[in-house]
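*Asks:* Shown below is the structure under consideration.
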Amino acid sequence: MATTLKSRVLVAGVAEGIVLRLAAPVSFWGGVSPQTATIVQAGHPDEGTCISGQVLLLPGTIGSSSSSAVLLELLYREIAPCAIILCDVDAILALGDLVAGEMGYPTIPMILLPEDRLKTGQMVRIERAGTVTIISDTRRSPNGIMPAGA
Amino acid sequence: MICLTETERTLAADDTHPALALAMRVLLKTAEIMGAPKLLPVTSAHIDGCLYHGDSGVYFAEKLVDLGGKVHIHATLNVGTLDLIHPHLVRAPSPQKTMAKRQMQAYLALGCAASWTCAPYQAGHRPALGEDIAWGESNAVVFANSVLGARTNRYGDLLDICMALVGRVPYFGLHVPQNRLARLNVDLTALPNQLKTSESFFPVLGAWLGRTVGSVVPALSGLQGPISEDQLKALGAGAASTGAVGLFHVVGHTPEAPDLATASGGDAEIQTLKPTLQDFRSERDRLSQNHRGEIDCVAVGSPHFSYPETRHLLRVLKRRKSRIPFYLCTNRFVLDKLERKALVDPLINAGIELVIDTCVAVAPILKNNQGIMMTNSAKFAHYGPGTTGYHSVFGSLEDCVESAVAGRLIRNESLWQQP
Numbered sequence: 001m002a003t004t005l006k007s008r009v010l011v012a013g014v015a016e017g018i019v020l021r022l023a024a025p026v027s028f029w030g031g032v033s034p035q036t037a038t039i040v041q042a043g044h045p046d047e048g049t050c051i052s053g054q055v056l057l058l059p060g061t062i063g064s065s066s067s068s069a070v071l072l073e074l075l076y077r078e079i080a081p082c083a084i085i086l087c088d089v090d091a092i093l094a095l096g097d098l099v100a101g102e103m104g105y106p107t108i109p110m111i112l113l114p115e116d117r118l119k120t121g122q123m124v125r126i127e128r129a130g131t132v133t134i135i136s137d138t139r140r141s142p143n144g145i146m147p148a149g150a
Numbered sequence: 001m002i003c004l005t006e007t008e009r010t011l012a013a014d015d016t017h018p019a020l021a022l023a024m025r026v027l028l029k030t031a032e033i034m035g036a037p038k039l040l041p042v043t044s045a046h047i048d049g050c051l052y053h054g055d056s057g058v059y060f061a062e063k064l065v066d067l068g069g070k071v072h073i074h075a076t077l078n079v080g081t082l083d084l085i086h087p088h089l090v091r092a093p094s095p096q097k098t099m100a101k102r103q104m105q106a107y108l109a110l111g112c113a114a115s116w117t118c119a120p121y122q123a124g125h126r127p128a129l130g131e132d133i134a135w136g137e138s139n140a141v142v143f144a145n146s147v148l149g150a151r152t153n154r155y156g157d158l159l160d161i162c163m164a165l166v167g168r169v170p171y172f173g174l175h176v177p178q179n180r181l182a183r184l185n186v187d188l189t190a191l192p193n194q195l196k197t198s199e200s201f202f203p204v205l206g207a208w209l210g211r212t213v214g215s216v217v218p219a220l221s222g223l224q225g226p227i228s229e230d231q232l233k234a235l236g237a238g239a240a241s242t243g244a245v246g247l248f249h250v251v252g253h254t255p256e257a258p259d260l261a262t263a264s265g266g267d268a269e270i271q272t273l274k275p276t277l278q279d280f281r282s283e284r285d286r287l288s289q290n291h292r293g294e295i296d297c298v299a300v301g302s303p304h305f306s307y308p309e310t311r312h313l314l315r316v317l318k319r320r321k322s323r324i325p326f327y328l329c330t331n332r333f334v335l336d337k338l339e340r341k342a343l344v345d346p347l348i349n350a351g352i353e354l355v356i357d358t359c360v361a362v363a364p365i366l367k368n369n370q371g372i373m374m375t376n377s378a379k380f381a382h383y384g385p386g387t388t389g390y391h392s393v394f395g396s397l398e399d400c401v402e403s404a405v406a407g408r409l410i411r412n413e414s415l416w417q418q419p
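Chains Z and V are the protein sequences, given in the same order.
Counted from 1, the first sequence has number 13 at position 13 by the numbering used here; the numbering is strictly sequential.
Counted from 1, the second sequence has number 175 at position 175 by the numbering used here; the numbering is strictly sequential.
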C-alpha cells in the first residue's frame, strides 16, 4: 500500500517524478548553473548532479537572495526540477516560481515537508492540495522522469 | 489570515494599474508563505534584481515597464553586470552585455535611481533609526539594520521591485521589534587590544560570526571604541557572506545596543560565547586558499569602497605604484567626490583600476579564469573562488598594498600572534 504524506503548499501544482534528496543545502545563486541546472558549488556532496526534472528535496535553506532569479531562469529554460520540497519556510525560491506564473512560464509545485521518509530514487506524486504519495520505493533510474500531465 | 486595508485588497485585481496589480499579487503570496498578519508601508527600497543572471530577469523587468510600472518610494539600485562608465572592463560576450544593459535600463525606466552600488548607505541613501524599509543585498541589509537601526529583512530578487512598486512589505522577521533582540552574547573582552582595534580584524570577526551564529541576532561586547562605520560595514559584509546574519548589535556602539540588557531585552539567561585569538586566526586562514607567495592581482571594495577608505589607500600607497593589476570597486557617488578632490589621477598613477557600477565578483573583469586574488574583504575572499575561479588570499589593506608594490605576497603576521 502506497504511503501518503501531508504537506503545506507554498505554490500549488501537480507533479510526478523521482526524488533527489540533496545531502546538504545549496544556494541556487552560485550553487546551481542557470544554464545547465547542474549543481556547481565546489565541494558540495552532490556537485555535478543535474536537478532538472527531479522532485528536488532541499534539506535546509541557505544562500543568496538572488536564488529566486536563478529558479526563474531554470523555469524559463524549461530545465527546472519538476517539484521542490523544502524543509524550512522560505520565500526566496518560491518567488522565482510565483514570478514564472506571472510571466506565463511553466510553474512547479513547491511544498513544505520536513520528512525523513522521502529518499533519493523514490517515485512520488504531488497533488495540488499538497498530498504526497510514495508510489514506488525501488525505482532508481535518475533519468526515468514522468512529468505529470497536469 | 492576512488583514488588508481596502486599498490593498483592490490593488491585486486593478486592471487600470496592471504593473501594480502584478506586484501586489507577488507581495501577497509572499506574505501568505511567511505568515505575515498584515502589510507595512515602507519609505525606501534598495533593489538587487538589476544583476543579469539570464534573459528571464530582463523580460520580467521589461514586462513591468511595458505594464506602466513606476516605483512608489525612493529606490536605489544595486550593482549591475556592466561598468557603464568603463564598458571595456567587462569581458562578457556581446549578446550578454546587450541583455545586461537592457536589464539595467529597464530598472531605470521603472523610476529607480542610477546608484549602481552595494553600499547605498554611503551613497546618500541613509534611512533613519526605526524606519521600515525594503532592502535587498545582504551587506546593505545588515548595515541598515545594525548600524542605522532601520528595519528590513533580507529580501529576495524579484520581490524587491514588487515592494518598491507597491510601497509595502509583509510584516514579519526583523520588522517585528521582538525579533530584533539579541539572542546570543559574543564576549570579546579577553582578546588583545591591538587586534580588536585593527582594520583587518573586522572582516574576520564578521566571517567568524556568520559561520558561527547563522541567522541568530548576536550582540558583540568588549570591543574598544572608537569603531568606524567602514569597520562595521566590513563586519556585516563578512557575517552576511558566511552566514545569514541580518542584524547584529555592538554593545555601546550601535543604536539599539546602548548596553547588553537593552540589546537583549533584559534576557538574563542569554548564552555567551567567548571566541579566542586562535578561533579568529583559523577564520582568517579559512579566507585564503593559497599562501604560496605568488599573487596575480589585488581587489578591494566589497562592499564598494567609501571615500575615507580610498583616502586611506592613497596614504598607505605613499605615491608608490602597483606592479600587478589592482582593482578598486566603488560607486559614482565616491567617484564624483574623488574627481572633485583631484584624487583620480593619483590613483591611476599608482596603477589602480577603478571599477564603477559593478565589481570583480559579479562581472567577468579579472584578466583570466583562474589565478590568485589578494583582498582585504571577507566577502571577496568568500565568493571570489566561486564567481571568478581565482583563489583568494586575505590580508589587511596594508598587506594588500605592500604585496601589490612588491608583486608578491607580503603579510604582517604580528597582529595574529599572542602579544
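Don't be surprised by glycine CBs; every beta carbon is placed ideally from N, CA and C.
Is it right to say G144 (chain Z) is buried, meaning 16 or more other beta carbons lie within 10 angstroms of its own, or is it exposed?
*Replies:* In the first sequence, the residue the question calls residue 144 (chain Z) occupies position 144. Residue placement at G144 (chain Z) cannot be trusted, given a pLDDT of 46 that sits under 50; what the coordinates show is reported in the next sentence. That one is exposed.
*Asks:* With a threshold of 8 Å between beta-carbons, can V89 (chain Z) be considered close to chain V, or not?
*Replies:* Reading the first sequence from its first residue, position 89 is the one you call residue 89 (chain Z). Closer than 8 Å to some Cβ of chain V, the Cβ of V89 (chain Z) qualifies, so yes.
*Asks:* Between P25 (chain Z) and chain V, is any beta-carbon pair separated by less than 8 Å?
*Replies:* Looking up residue 25 (chain Z) in the first sequence gives position 25. Not closer than 8 Å to any Cβ of chain V, the Cβ of P25 (chain Z) fails to qualify, so no.
*Asks:* Please specify which runs of the beta strand (DSSP E), each continuous and at least 3 residues long, are wholly inside the stretch 6-64 of chain V, giving them in chain order.
*Replies:* Fully enclosed beta strand (DSSP E) runs of 3 or longer: 39-41 and 44-47.
*Asks:* Using a Cβ-Cβ cut-off of less than 8 Å, list which residues of the stretch 46-73 of chain V approach chain Z; keep chain order.
*Replies:* Taking 8 Å as the Cβ-Cβ cut-off against chain Z, the residues of the stretch 46-73 of chain V that qualify are D48, G49, L51, H53, G54, D55, S56, G57, Y59, F60 and K63.
*Asks:* Counting pairs of beta carbons, one from the stretch 137-156 of chain V and one from the stretch 11-23 of chain V, are three or more of them closer than 8 Å?
*Replies:* No, they do not touch.
*Asks:* Following the continuous alpha helix (DSSP H) through A109 (chain V), name the residue where it begins and the one where it ends.
*Replies:* Here the question's residue 109 (chain V) lines up with position 109 in the second sequence. S94 to A109 is the extent of the alpha helix (DSSP H) around A109 (chain V).
*Asks:* Mind checking if L10 (chain Z) is an interface residue toward chain V, Cβ cutoff 8 Å exclusive?
*Replies:* As a working mapping, residue 10 (chain Z) is identified with position 10 in the first sequence. By this cut-off, L10 (chain Z) is an interface position.
*Asks:* Since I believe E294 (chain V) is in contact with P325 (chain V) (beta carbons under 8 Å), could you give me their beta-carbon distance rounded to a whole number of angstroms?
*Replies:* Start at 1 with the first residue of the second sequence, and residue 325 (chain V) comes out as number 325. Start at 1 with the first residue of the second sequence, and residue 294 (chain V) comes out as number 294. Their Cβ separation, rounded to whole angstroms, is 14 Å, which puts P325 (chain V) and E294 (chain V) out of contact at 8 Å.
*Asks:* Closest by CA to L40 (chain V), which one among V:T81, V:A190, V:T16 and V:H175?
*Replies:* In the second sequence, residue 40 (chain V) corresponds to position 40, counting from 1. When only C-alpha atoms are compared, the closest one is V:H175.
*Asks:* Take the Cβ of M110 (chain Z) as the centre, count every other Cβ of all protein chains shown within 10 Å, and call the residue buried at 16 or more, exposed below.
*Replies:* In the first sequence, residue 110 (chain Z) corresponds to position 110, counting from 1. Buried is the call here.
*Asks:* Taking I84 (chain Z) and L58 (chain Z) to be in contact with their CB atoms under 8 Å, please state how far apart those CB atoms are, rounded to whole angstroms.
*Replies:* The residue given as residue 84 (chain Z) occupies position 84 in the first sequence. The residue given as residue 58 (chain Z) occupies position 58 in the first sequence. 7 Å between Cβ atoms; contact.
*Asks:* Less than 8 Å separating the beta-carbons of H382 (chain V) and L314 (chain V)?
*Replies:* Residue numbering aside, residue 382 (chain V) sits at position 382 when the second sequence is read from its first letter. Residue numbering aside, residue 314 (chain V) sits at position 314 when the second sequence is read from its first letter. Cβ atoms of H382 (chain V) and L314 (chain V): not closer than 8 Å.
*Asks:* Confirm, please, whether the CB-CB distance from T388 (chain V) to M373 (chain V) is below 8 Å.
*Replies:* Residue mapping note: residue 373 (chain V) aligns to position 373 of the second sequence, counting from 1. Residue mapping note: residue 388 (chain V) aligns to position 388 of the second sequence, counting from 1. Going by C-beta atoms, M373 (chain V) is nearer than 8 Å to T388 (chain V).
*Asks:* Please confirm whether M34 (chain V) has its beta-carbon closer than 8 Å to some beta-carbon of chain Z.
*Replies:* Taking the first residue of the second sequence as 1, we reach residue 34 (chain V) at position 34. Chain Z, which has a Cβ nearer than 8 Å to the Cβ of M34 (chain V), makes this yes.
*Asks:* Which residues does DSSP list as the beta-bridge partners of W135 (chain V)?
*Replies:* Within the second sequence, the letter at position 135 stands for residue 135 (chain V). Bridge partners of W135 (chain V): V:H46.
*Asks:* Going by DSSP, which residues form a beta bridge with A219 (chain V)?
*Replies:* Here residue 219 (chain V) corresponds to residue number 219 of the second sequence, with the count starting at 1. DSSP, once it has assigned bridges, lists V:N185 and V:H249 as partnering A219 (chain V).
*Asks:* Between the Cα of Q417 (chain V) and the Cα atoms of V:M24, V:G214, V:Q278 and V:I85, which residue gives the shortest distance?
*Replies:* By one-based count along the second sequence, residue 417 (chain V) stands at place 417. When each option's Cα is compared against that of Q417 (chain V), the closest is V:Q278.
*Asks:* Should D66 (chain V) be labelled buried (16 or more other beta-carbon atoms within 10 Å of its own) or exposed?
*Replies:* Residue 66 (chain V) sits at position 66 when you count from the first residue of the second sequence. With fewer than 16 other Cβ atoms within 10 Å, it is exposed.
*Asks:* What's the gap between the Cα of S141 (chain Z) and the Cα of T133 (chain Z)?
*Replies:* Taking the first sequence and counting its residues from 1, the one referred to as residue 141 (chain Z) is at position 141. Taking the first sequence and counting its residues from 1, the one referred to as residue 133 (chain Z) is at position 133. At S141 (chain Z), the pLDDT of 49 sits below 50, so the modelled position is not reliable and the matter cannot be decided from this model.
*Asks:* Look up M1 (chain V) in the DSSP assignment and say whether it is helix, strand or coil.
*Replies:* By one-based count along the second sequence, residue 1 (chain V) stands at place 1. DSSP places M1 (chain V) in coil when its eight states are reduced to three.
*Asks:* Thinking just about the alpha-carbon of each residue, which of V:D336, V:K101 and V:T242 is nearest to the one in N139 (chain V)?
*Replies:* If you number the second sequence from 1, residue 139 (chain V) lands on position 139. Measuring from the Cα of N139 (chain V), the nearest candidate turns out to be V:T242.
*Asks:* Under a Cβ-count criterion, where at least 16 other Cβ atoms within 10 Å of its own Cβ denotes burial, should C329 (chain V) be classed as buried or exposed?
*Replies:* Here the question's residue 329 (chain V) lines up with position 329 in the second sequence. Result: buried.
*Asks:* How many Å lie between C359 (chain V) and L75 (chain Z) at the Cα?
*Replies:* The residue you call residue 359 (chain V) lines up with position 359 of the second sequence. The residue you call residue 75 (chain Z) lines up with position 75 of the first sequence. Answer to the nearest angstrom: the Cα atoms are 28 Å apart.
*Asks:* I need the boundaries of the alpha helix (DSSP H) containing E353 (chain V), first residue and last residue.
*Replies:* Looking up residue 353 (chain V) in the second sequence gives position 353. E353 (chain V) -> not in any alpha helix (DSSP H); beta strand (DSSP E) instead, spanning I352 to I356.
*Asks:* Within this structure, are the beta carbons of E256 (chain V) and A263 (chain V) separated by less than 8 Å?
*Replies:* The count along the second sequence starts at 1 and reaches residue 256 (chain V) at position 256. The count along the second sequence starts at 1 and reaches residue 263 (chain V) at position 263. In contact: E256 (chain V) and A263 (chain V) (Cβ atoms closer than 8 Å).
*Asks:* Cβ of A244 (chain V) less than 8 Å from any chain Z Cβ?
*Replies:* Locating residue 244 (chain V) in the second sequence gives position 244, where the first residue counts as 1. Output row for A244 (chain V): interface = yes.
*Asks:* If contacts are defined as beta-carbon pairs under 8 Å, then P81 (chain Z) and I51 (chain Z) qualify, I think. What distance do you get, rounded to the angstrom?
*Replies:* Along the first sequence, one-based indexing puts residue 81 (chain Z) at 81. Along the first sequence, one-based indexing puts residue 51 (chain Z) at 51. About 5 Å separates the two Cβ atoms, so the contact holds.
*Asks:* Anything in chain Z within Cβ reach of S377 (chain V), meaning under 8 Å, just list it in chain order.
*Replies:* In the second sequence, counting from the first residue as 1, residue 377 (chain V) sits at position 377. Going along chain Z, no residue has its Cβ under 8 Å from S377 (chain V), so there is no contact; the nearest lies around 16 Å.
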